[in-house]
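In the numbering used here, the protein residues as written are 327 to 678.
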Ligand code: 5GP
Ligand code: MN
């Protein structure tokens with residue numbers, strides 16, 4: 327079977343892309359709050375590409391700090407972080423003539439940066455893979471079945487004939503986004519197109535094994551011990567529901583010298599228990615009085631529906647999130663309620 331990548335832009339889309347991008351001189355690329363590997367990888371990948379195409383003023387902006395394990399991404403140190411540099415971000419937004427919105431489907435996902443972006447007059451292009459994108463851009467390129475926004479960015483580069491201009495740095499960023507949104511190609515990653523793209527990225531000289539290590543084998547000792555503590559002392563397992571819940575308080579995070587990103591991936595661990603269908607993580611936010619919720623599932627258990635219904639959030643079928651304005655114990659009760667409400671799906675035959 328010949329592999330053909332998706333062509334997201336029809337003739338009208340192509341016309342719009344060129345109209346918006348070709349004349350743009352001051353481009354801002356924005357990802358979501360709490361940037362993950364895909365938000366960072368897709369944004370920086372596109373930034374490198376635009377620079378290779380001759381754009382001299384391209385700025386990546388994120389609402390908040392990214393985790394340490396993404397520091398190695400080429401260009402990461404030049405990312406403007408709104409939470410620390412509000413005035414500088416507003417200046418950049420004021421003069422930009424194109425706003426690229428990557429890896430989010432509504433301005434709400436920008437949290438405090440939503441206001442300044444809302445005021446920004448520049449036309450917008452949205453590239454994303456979350457369900458139900460809001461009409462927040464002149465050109466919306468949305469594909470929920472895609473593994474990652476980074477994959478869509480690659481498809482666009484391919485369709486637009488920009489692949490020869492893609493540098494090794496850009497390829498590394500795009501690979502990182504695809505890798506992290508699929509848990510190192512262990513979920514949502516069975517479409518052959520993904521491996522065609524990887525083969526093309528490898529021709530740019532990226533070292534995929536090194537990228538894997540930079541992201542996944544880069545923990546501090548205290549983070550490893552935090553993982554052990556959670557699994558040993560905090561994880562509650564509900565065999566009849568094939569589900570797990572754990573909580574994490576600020577006091578516990580302080581005890582384990584918690585740094586941004588240290589919680590990343592821990593919610594996936596309970597899924598390693600045979601037959602587990604759902605894992606719920608409840609974590610006190612380090613700055614705001616709220617509980618950050620992460621949900622992970624396997625097969626067809628709809629995390630996103632549960633996140634919408636119980637945790638003020640949403641996301642993908644197998645990976646969703648949200649937040650609750652309550653105490654950690656109340657959040658735990660809320661999660662127990664969610665397990666009860668979904669008991670028919672959860673008590674079903676165990677995941678194959
Ligand atoms: P994480 O558990 O890694 O924080 O988030 C997993 C996924 O859930 C994200 O990729 C995003 O799609 C979704 N998500 C996380 N937090 C929220 C939220 O507050 N609202 C919505 N709508 N989606 C969220
Ligand atoms: Mn993503």
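Using N, Cα and C, we set each Cβ at its ideal position, and we do this for glycine too.
Measure the beta-carbon distance from residue 352 to residue 421 and round it to whole angstroms, keeping in mind my assumption that it falls under 8 Å.
Sure, about 5 Å apart at Cβ, within 8 Å.
State the DSSP-derived secondary structure class of residue 328, mapped to helix, strand or coil.
Residue state, collapsed to three classes: coil.
Please determine, among 630, 590, 475, the residue with the shortest C-alpha to C-alpha distance to residue 356.
The shortest Cα separation from residue 356 among 630, 590, 475 belongs to 475.
Do you know how far the Cα of residue 519 is from the Cα of residue 404?
Approximately 31 Å between the Cα atoms of the pair.
Helix, strand or coil: which one does DSSP assign to residue 733?
No answer is possible for residue 733: it lies beyond the span of the chain, which begins at 327 and ends at 678.
If you run the structure through DSSP and keep just helix, strand and coil, what is residue 552?
Looking at residue 552 - three-state DSSP - the assignment turns out to be helix.
Report yes or no: do the stretch 515-531 and the stretch 544-562 share at least 3 C-beta pairs separated by less than 8 Å?
With a cut-off of 8 Å, the stretch 544-562 and the stretch 515-531 do not count as touching, because too few Cβ pairs lie within range.
Whose C-beta lies closer than 6 Å to the C-beta of residue 456 among residues of the same chain, with five residues either side of it excluded?
Here the set comprises 431.
Among the residues of its own chain, which have a CB less than 7 Å from the CB of residue 450, if the five just before and after it don't count?
Counting only Cβ-Cβ distances below 7 Å, and skipping sequence neighbours, we find 425, 427, 462, 463, 464.
With 16 as the cutoff for other CB atoms within 10 Å, does residue 344 come out buried or exposed?
Under this definition residue 344 is an exposed residue.
Out of 599, 336, 402, state which residue places its alpha-carbon closest to the alpha-carbon of residue 571.
Out of 599, 336, 402, 599 has the C-alpha closest to the C-alpha of residue 571.
How about residue 633: is its Cβ closer than 8 Å to a heavy atom in the ligand MN?
No - the ligand MN has no heavy atom lying nearer than 8 Å to the Cβ of residue 633.
Looking at C-alpha atoms only, which residue of 382, 486, 411 is the closest neighbour of residue 342?
Ranking 382, 486, 411 by Cα distance to residue 342 puts 486 first.
Residue 641: which of 652, 629, 348, 650 sits nearest, CA to CA?
Out of 652, 629, 348, 650, 629 has the C-alpha closest to the C-alpha of residue 641.
Grab me the residues of residue 678's own chain with a C-beta within less than 6 Å of its C-beta, minus the 5 sequence neighbours each way, in chain order.
Note that residue 678 has pLDDT 48, beneath the 50 cutoff, so the model's placement of it is unreliable and the number below is only indicative. Excluding positions up to five away in sequence, the list is empty.
Mark residue 602 as exposed unless 16 or more other C-beta atoms lie within 10 angstroms of its C-beta, in which case mark it buried.
Its Cβ being crowded by 16 or more others within 10 Å, residue 602 is buried.
For residue 450, which beta-bridge partners are listed by DSSP?
DSSP, once it has assigned bridges, lists 425 as partnering residue 450.
Taking its Cβ as the centre, do 16 or more other Cβ atoms sit within 10 Å of residue 676, making it buried, or is it exposed?
Confidence at residue 676 is low in this model, with a pLDDT of 46, below 50, so its placement is unreliable and the value that follows should be read with caution. Residue 676 comes out exposed.
Exposed or buried, which one is residue 338 when buried takes at least 16 other CB atoms within 10 Å?
Flag for residue 338 reads exposed.
Run through DSSP, which three-state label would residue 510 get?
Three-state DSSP puts residue 510 in coil, outside helix and strand.
Just the Cα atoms here: how many angstroms apart are residue 527 and residue 360?
Their Cα atoms are separated by approximately 26 Å.
Run the proximity test for residue 700: is its beta-carbon closer than 8 Å to any non-hydrogen atom belonging to the ligand MN?
Because residue 700 is not part of the residues shown, which for the chain are 327 to 678, the question remains open.
If you pair each beta-carbon of the stretch 386-400 with each one of the stretch 584-596, do three or more pairs fall below 8 Å?
Touching, per the Cβ criterion.
Could you tell me the distance, in whole angstroms, from the CA atom of residue 617 to the CA atom of residue 645?
Each residue's Cα considered, the two are about 17 Å apart.
Could you check whether the Cβ of residue 509 sits closer than 8 Å to any heavy atom belonging to the ligand MN?
Checking the Cβ of residue 509 against the ligand MN gives no.
Please report the residue range of the beta strand (DSSP E) in which residue 649 lies.
Run containing residue 649: 645-650, per the beta strand (DSSP E) assignment.
Between the C-alpha atoms of residue 472 and residue 608, what's the straight-line distance to the nearest angstrom?
Their Cα atoms are separated by approximately 27 Å.
Look up residue 388 in the DSSP assignment and give the residues it is bridged to.
407.
Quickly, what does DSSP pair residue 352 with across the bridge? List them, please.
Paired residue(s): 383.
For a test of your reading of the model: does the CB of residue 588 fall under 8 Å from any non-hydrogen atom of the ligand 5GP? Yes or no.
Not under cutoff, so the answer is no.
Grouping DSSP H, G and I as helix and E and B as strand, with all else coil, what is residue 369?
Helix, per DSSP.
Between which two residues does the beta strand (DSSP E) carrying residue 569 extend?
Looking at the DSSP string, the run of the beta strand (DSSP E) that includes residue 569 is 569-574.
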